[in-house]
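Residue numbers for the sequence shown follow our numbering, beginning at 435 and rising by one. Quick reminder that beta carbons are idealized off the backbone N, C-alpha and C, glycines included.
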Amino acid sequence: MSAMTKKLQQMRFASVLEAVTLLLLFVVAIPLKYAFDLPIATKIMGPIHGLAFLFYLWNLVRTASVWSGIELLRLFILAFIPLGGFFNEKYIAQRQARLK
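Set out below in structure tokens:
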């Protein structure tokens with residue numbers, strides 16, 4: 435496995451992690467905050483998602499040489515859309531398969 439293939443594997447993980455933490459924030463933490471008056475849920479989940487997002491962006495920068503400018507923009511923009519990380523993971527997997 436080449437170094438770039440390993441980086442893309444880590445980026446796939448980061449993409450799914452970012453999407454899952456956002457989903458947990460929206461589906462679990464925010465309802466707990468407003469429905470059950472438990473603001474601690476968002477105080478915990480918010481920073482976790484923030485770190486996951488930064489981890490994803492760091493991986494995007496690390497693999498920038500693999501992507502065209504339009505692809506980088508697509509990978510960046512979809513990270514801001516709920517569940518976009520799952521679509522990005524599939525896209526990254528396709529690129530990873532072409533590099534093998």
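Sequence-distant residues of its chain with Cβ nearer than 7 Å to L466 (five each side left out): Answer for L466: L472 and A475, listed in chain order.
Terminal residues of the alpha helix (DSSP H) in which A486 lies: From DSSP, the alpha helix (DSSP H) with A486 extends over I474 to R496.
G503 burial status per 10 Å Cβ neighbour count (16 or more: buried): Classification for G503: exposed.
Backbone secondary structure at K534 - three-state DSSP: Of the three classes helix, strand and coil, the one that applies to K534 here is coil, per DSSP.
M445 vs T497 beta-carbon contact at 8 Å: Yes. Within cutoff.
Proximal residues to E523 (C-beta, below 6 Å), its chain only, five neighbours per side dropped: Correct list, in chain order: R446, S449 and V450.
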